[in-house]
Amino acid sequence: MGTLVQRIIELANDIREFPLGKCSPSDDPDMQSAYTFAFRDIAKRFIGSVKRIDNDLIQNEVKNLDPDIEYIHDAYNLKSDLLNIIDIIEDLQNEPDAQIGSKVKVTPGTANKLLGLISDHLYDESAYVLPMVCTGYGLQEGEVSEAFSSKRNYIYARTCHLKPDEIYELALKMQGKYGQGELERIISDIQNNSDRLNVISEFENIKKLIVDEIRKAEFCIWVAVAWFTDKDLANLLYFKKKEGLNIQLIINDDHINFQLGEKLGTIFETYKIPENSRKLMHNKFCIIDLKKVIHGSYNWTNKAQYNNETVSIIENKAIAENFAKQFIALKTNLR
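Numbered by my numbering, the letters in the sequence shown go through residues 13 to 347 in order.
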């Protein structure tokens, strides 16, 4: 929770201090666009963080906001709305009885991992004390004879119906009771929002979506696409590399990629799949900061933006790590 609040405070300060007043509708159009898009990026991050606050008043204010602004006058209006939300948050923080908490959502996959660890911890208890321990954690009461018959069945009968949020609450009760291990690590990931699952699917303006996500990258960008001919995306990756990010590419070594592929290979850590490879490299995904994945039918080519394509953005650490393993496997198979 502390990390979320700190991020919101920092973004709120960025919004307050953003110099929109230095740009007006009468200024050069390129200047207007630069100010508008820069403010939009901050606004999107702020709204995304605020949506995780568990407060109905704040959520009612946020739900009707549209951060996808394109013109400077829209930026003025959006800033006014955001300042109103910032005032509400600060007022609530100053009220002793006000509660501002973060929403904790647990994905089914993570819940299953937690449940497995919970079951293992309970199984380590003796059959004699197992019923008492389960009751202490709020699980259904039972007889010692049932536990002696089968500890696994006893535990399963009391946990199989639990929903992800109920499993998480049970894990919190167990936290630290059996030492510091995998259960505690997963709880920490959930509380730090590493478990969040956010999926956005788009069918229009896909290139713009990819550009926006690349701009937000902070640490690394790993791209595996069959074909890469879009110089705009290549230039954007170049600027991110200049910022110090780790950029890696996997592309096909064929005539389509030949012209731009030669330049990519001299600038970035680039791996090329031979044209005569036994398996066709048909991947189209991009991993950002090992916590976000862009994937779909969209190749990073000039023609792709004029085709009927689809792309999804998945924001989830576990899924991003799975894609990262596949990326590393593709590289390893080239050696």
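A virtual CB, placed ideally from N, CA and C, is assigned to each residue, including glycine.
Computed from a predicted model, the values in this text were never measured in an experiment.
Checklist line | Closest by C-alpha distance to residue 124, when choosing among 164, 69, 193 and 173 | finding: Answer by Cα proximity: 173.
Item checked: Through-space distance from residue 214 to residue 319, alpha-carbon basis -> 13 Å
Item checked: Assigned exposure category for residue 267 - 16 Cβ within 10 Å defines buried -> With fewer than 16 Cβ atoms within 10 Å of its Cβ, residue 267 is classed as exposed.
Notebook entry, point to check: If you count every other CB in all the chains shown that lies within 10 Å of the CB of residue 194, and 16 or more means buried, which is it?
Noted result: exposed
Next item on the list: May I ask which residues mark the beginning and end of the beta strand (DSSP E) holding residue 308?
Entry: Boundaries of the beta strand (DSSP E) harbouring residue 308: 304-308, taken from the DSSP string.
Next item on the list: Please report how far the alpha carbon of residue 140 lies from the alpha carbon of residue 134, in whole angstroms.
Entry: Whole-angstrom Cα-Cα distance: 12 Å.
Next item on the list: Leaving aside the five residues before and after residue 311 along the sequence, list all residues of the same chain whose C-beta is less than 7 Å from its C-beta, in chain order.
Entry: 237, 238, 239 and 296
Item checked: Neighbour-count burial assignment, residue 31, 16 or more Cβ in a 10 Å radius -> With fewer than 16 other Cβ atoms within 10 Å, it is exposed.
Checklist line | Neighbour-count burial assignment, residue 166, 16 or more Cβ in a 10 Å radius | finding: buried
Notebook entry, point to check: Per DSSP, what kind of secondary structure is residue 297 in: helix, strand or coil?
Noted result: Three-state result, residue 297: strand.
Notebook entry, point to check: Is the beta carbon of residue 95 sitting closer than 8 Å to the one on residue 55?
Noted result: no
Note to self: At the level of alpha carbons, what is the spacing between residue 24 and residue 221?
What the structure shows: 24 Å
Check: So, helix, strand or coil for residue 285, using DSSP?
Finding: Three-state DSSP puts residue 285 in a strand.
Checklist line | Alpha-carbon spacing of residue 74 relative to residue 97, whole angstroms | finding: 8 Å
Item checked: Whether residue 302 touches residue 333 by CB criterion (8 Å) -> Remark: C-beta atoms of residue 302 and residue 333 approach each other more closely than 8 Å.
Note to self: Suppose contacts are defined by Cβ-Cβ distances below 8 Å. Is residue 246 in contact with residue 292 by that definition?
What the structure shows: no
Notebook entry, point to check: Taking the alpha-carbon positions, what's the residue 60 to residue 308 distance?
Noted result: A direct Cα-to-Cα measurement between residue 60 and residue 308 gives close to 23 Å.
Checklist line | Paired residues, beta bridge with residue 189 - DSSP | finding: 191
Checklist line | residue 65: first and last residue of the uninterrupted beta strand (DSSP E) it sits in | finding: It is not in any beta strand (DSSP E) - residue 65 carries neither H nor E in the DSSP assignment.
Check: For residue 324, which three-state DSSP category applies?
Finding: strand
Notebook entry, point to check: Short check: CB of residue 232 to CB of residue 272, under 8 Å?
Noted result: no
Notebook entry, point to check: What does DSSP give as the partner residues of residue 258 in its beta bridges?
Noted result: Looking at the DSSP assignment, residue 258 forms a beta bridge with 232.
Check: What is the DSSP secondary structure of residue 21, reduced to helix, strand or coil?
Finding: helix
Next item on the list: Would you mind working out which of 241, 253 and 289 sits nearest residue 274, comparing C-alpha positions?
Entry: 241
Note to self: Suppose you measure from the CA of residue 129 to the CA of residue 305; what does that come to, to the nearest Å?
What the structure shows: 28 Å
Check: Given a threshold of 16 other Cβ atoms within 10 Å of its Cβ, counted over all protein chains shown, does residue 44 qualify as buried or as exposed?
Finding: Buried is the call here.
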